[in-house]
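Here is the structure we will look at.
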Amino acid sequence: MDLLEKLKEQYGFIFEEPLLEEIAAIGRYRKIPQNTPMIDIGDRLTFMPLVLDGAIRVLGEDDNGNELLLYYLEIGDSCAMTMTCCIGGKKSGIRAITEKDTEIITVPVGKMEDWLVKYRTWRAFVFESYDTRLQEMLGAIDALAFHNMETRLYRYLKEKAMVLGTSRLEITHYQIANDLNTSRVVISRLMKKLSLDGKIKGHRNQVEVVEFLSGN
């Protein structure tokens, strides 16, 4: 399948034909392995990614260098925070890492503002991306401020299972603690409680989310 066909498959319902053709002509296709850093905090951004397949996790960082998971990017998505940095010429305020093997097409920064004027569907896509990511970030802030750690942990596991499309997650307690900005000891204790409650099944460096097991 050529690049234009890939774009039509994932973005044909969003963008008009001339825009799809222009993206295919100037965009750069990349296939990136799982757990590969794509963008880091402080980077100068020269491109914006459009996700064709796979998933990307987007992380923020506090003043002490602690990470916090903000949201996931999936098929048909782009990153509103990357858009903001690209258009404003700012350094990246986020870190982006592939959650699984991922295919993207990168769009040069210089085209983004041109397309805001030239294509109605691009303007709608940009504004909808801002709204979607804002709602997800507000949800993350709400969880951080008002939900206890057990609730945040279970929500995190369910979201990860949905993004990866599997009930079995290959992840360590240390990785979970890092994403949720807490200690491994706390995560281990809460994972044991979730297991006793029948919400998860624990394995060595793996966890199964019961809600997503086949037949549930």
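Our numbering applies: residue 39 is where the sequence shown begins, and numbers increase by one. Every residue gets a Cβ at the ideal spot worked out from N, C-alpha and C, and that includes glycine.
CA-CA distance, residue i and residue j?
i    : j    : result
A162 : L97  : 25 Å
E54  : D139 : 28 Å
E151 : V164 : 11 Å
V201 : Q72  : 13 Å
G177 : R171 : 10 Å
L42  : K196 : 34 Å
R133 : C117 : 11 Å
L58  : D81  : 27 Å
I61  : L111 : 19 Å
M121 : L234 : 43 Å
N102 : A215 : 16 Å
N219 : Y192 : 15 Å
M229 : G240 : 8 Å
L154 : K44  : 22 Å
N257 : Q213 : As shown, the chain starts at 39 and ends at 254. That puts residue 257 outside it, with no answer to give.
F51  : K231 : 44 Å
K156 : D169 : 21 Å
R22  : P87  : This structure cannot settle anything about residue 22, because the visible part of the chain is limited to 39 through 254.
Here's a check: name, in chain order, each residue in its chain whose Cβ is nearer than 8 Å to the Cβ of residue i, leaving out the five neighbours to either side.
i    : result
I64  : V145, P146 and K149
M175 : L108 and Y109
S167 : D115, S116, C117, A118 and M121
M187 : L218, T220, V224 and L228
Suppose the cutoff is 6 Å on Cβ atoms and the five residues either side in sequence are ignored; what does the same chain contact list for residue i look like?
i    : result
D217 : L107
P75  : I135
V245 : L207 and I238
D115 : V89
R68  : I142
For residue i, which residues does DSSP report across the bridge?
i    : result
M86  : V145
R133 : L97
I238 : V247
T120 : In DSSP, T120 forms no bridge with anything.
D91  : E141
Residues in its own chain within less than 7 Å of residue i by CB, not counting five upstream and five downstream?
i    : result
F85  : T144, V145, P146 and V147
G199 : Just to set this straight, residue 199 is Ala in the shown sequence, not Gly. Cβ within range, chain order: S205, L207, V247 and F250.
S226 : H211
R95  : L107, Y110, I135 and E137
D91  : I113, T140 and E141
K46  : L58
Along the chain, which unbroken stretches of the beta strand (DSSP E) at least 3 residues long are found entirely within the region 45-79? Segments of the beta strand (DSSP E) lying fully in the region 45-79: 66-70 and 75-77.
Quick one: complete alpha helix (DSSP H) runs, 4+ long, within the region 143-216? Entirely contained in the region 143-216, the alpha helix (DSSP H) runs reaching 4 residues are, in chain order, 147-156, 158-184 and 187-202.
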